[in-house]
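Quick notes on the structure that follows.
Residue numbers (the numbering used here): 28 to 206.
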């Protein structure tokens with residue numbers, strides 16, 4: 028079975044939705060209840076600098092027209108990295124549930140280098156979203172001679188999966204099933 032590649036390599040200074048940016052430095056505030064003083068004002072706050080592989084979530088047209096100061100990104104992991112932090116996903120059949128879109132907030136993408144090997148797939152965790160400055164990411168992206176970018180129609184499928192997470196509506200009741 029031939030699997031069409033999900034990714035294309037690019038070497039350009041522009042950012043697009045679906046750009047894969049490995050090893051980005053991300054400042055993450057450390058919450059400590061003792062940092063709050065009177066009237067819940069923050070006194071001092073500690074910030075950790077974490078390194079993540081990230082994928083761009085913003086629409087390409089907004090990036091191209093510089094309509095965003097901060098770019099939204101989600102972490103992207105190898106299956107083994109994700110399973111190490113989330114052991115339930117190592118269970119048989121769990122990745123098939125993600126593949127079918129039945130696990131909220133997760134999306135699978137084929138490996139850029141070996142799309143036919145499902146164990147080399149990448150998982151995007153839409154449940155974590157980071158914002159980094161546009162200018163920082165442009166500079167960071169240009170440091171790579173080549174980088175990966177999702178191509179159509181896989182890009183649109185990725186975008187749709189992200190949108191589904193936020194467009195869910197929980198109803199207090201439903202029409203009873205037909206018998």
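Glycine included, every Cβ here is placed at the ideal spot set by N, Cα and C.
Outcome for residue i when other beta-carbon atoms lying within 10 angstroms are tallied against a minimum of 16
| i | result |
| --- | --- |
| residue 36 | exposed |
| residue 199 | exposed |
| residue 172 | exposed |
| residue 168 | buried |
| residue 107 | exposed |
| residue 55 | exposed |
| residue 160 | exposed |
| residue 210 | With the chain represented from 28 up to 206, any question about residue 210 goes unanswered, as that position is not in the structure. |
| residue 38 | exposed |
| residue 177 | buried |
| residue 187 | exposed |
| residue 246 | Not covered by the structure: residue 246. The range shown for the chain is 28 to 206. |
| residue 129 | exposed |
Helix, strand or coil at residue i according to DSSP, with G and I counted as helix
| i | result |
| --- | --- |
| residue 123 | helix |
| residue 74 | strand |
| residue 198 | coil |
| residue 114 | helix |
| residue 108 | helix |
| residue 148 | coil |
| residue 182 | helix |
| residue 44 | coil |
| residue 192 | helix |
Residue range of the beta strand (DSSP E) that includes residue i
| i | result |
| --- | --- |
| residue 165 | Counting along the chain, residue 165 falls outside any beta strand (DSSP E), though it belongs to the alpha helix (DSSP H) covering 161-169. |
| residue 174 | 174-177 |
| residue 56 | 47-57 |
| residue 35 | 34-37 |
| residue 136 | 133-136 |
Range of the contiguous alpha helix (DSSP H) that encloses residue i
| i | result |
| --- | --- |
| residue 87 | 87-91 |
Q: May I ask you to verify whether the stretch 83-96 touches the stretch 111-127, counting CB pairs closer than 8 Å and requiring at least 3?
A: With the cut-off at 8 Å, the stretch 83-96 and the stretch 111-127 do not touch.
(Q) Three Cβ pairs or more, each shorter than 8 Å: is that satisfied between the stretch 36-53 and the stretch 75-87? (A) yes
Q) Between the stretch 139-157 and the stretch 178-198, are three or more C-beta pairs nearer than 8 Å? A) yes
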